[in-house]
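To start, the structure under review is shown below, and the notes come after it.
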Amino acid sequence: MVLARIVYRPVGALVGALGGVLAGAVFKRVWRLAGSRDDTPQATDEDRTWREVLVAATLQGAVFALVKAALDRAGASVWRRATGHWPTEQPG
């Protein structure tokens, strides 16, 4: 059981890294659909309004959290099907 948790760590890290890439792509697409410009505003963009910057940051955070949670949950479910144990299950 302990060995399985050790093995799961790099798998979880890989899933997390892929999730970051996926979340970035999803956010850019959502922003293009919702926003008036193709590029996403940065906090230091002088020609962007406070509202535009804060809405973009909020939307980006929500997309990243959603994608991370979905991938973490899916990864844990696949791990359980493969090993018979949930990744965080304590030996007992």
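Residue numbering for the sequence shown follows numbering that gives the first Met the number 0, beginning at 0 and increasing consecutively.
Every residue gets a Cβ at the ideal spot worked out from N, C-alpha and C, and that includes glycine.
Computed from a predicted structure; not experimentally measured.
Nearest by alpha-carbon distance to residue i: which of the options is it?
i, options, result
"ALA68", "ASP46, TRP49, GLU51, ALA16", "ALA16"
"ASP71", "GLY23, GLN59, TRP85", "TRP85"
"GLY23", "VAL52, TRP49, ALA61, ASP46", "ALA61"
"GLY34", "GLY18, GLY74, ALA55, VAL14", "ALA55"
"ALA12", "ALA81, ARG28, ALA75", "ALA75"
"VAL52", "TRP30, ALA73, ARG80, VAL10", "TRP30"
"ARG28", "LEU58, VAL14, ASP44, ALA64", "LEU58"
Nearest chain C C-beta to residue i closer than 8 Å, yes or no?
i, result
"LEU2", "Any reference to chain C falls outside this structure, which holds one protein chain only."
Just to confirm, does residue i get its C-beta within under 7 Å of one of the non-hydrogen atoms of the ligand NAD?
i, result
"ALA56", "This structure lacks the ligand NAD; in fact it carries no ligand of any kind."
For residue i, which residues of its own chain have a beta-carbon under 6 Å away from its beta-carbon, when the five flanking residues on both sides are left out?
i, result
"GLY83", "none"
Return the chain-ordered list of same chain residues with a C-beta closer than 7 Å to the C-beta of residue i, the five sequence neighbours on each side being excluded.
i, result
"TYR7", "TRP78, PRO86"
"VAL66", "GLY18, LEU21, ALA22, VAL25"
"ASP37", "ARG31"
Can you find the residues in the same chain that come closer than 8 Å, C-beta to C-beta, to residue i, ignoring five residues on each side of it along the sequence?
i, result
"THR48", "none"
"PRO40", "ARG47, GLU51, VAL52, ALA55"
Quiz item: Which parts of the segment 11-91 are runs of the beta strand (DSSP E), unbroken and 3 residues or longer, counting only runs that do not cross its ends?
Solution: none
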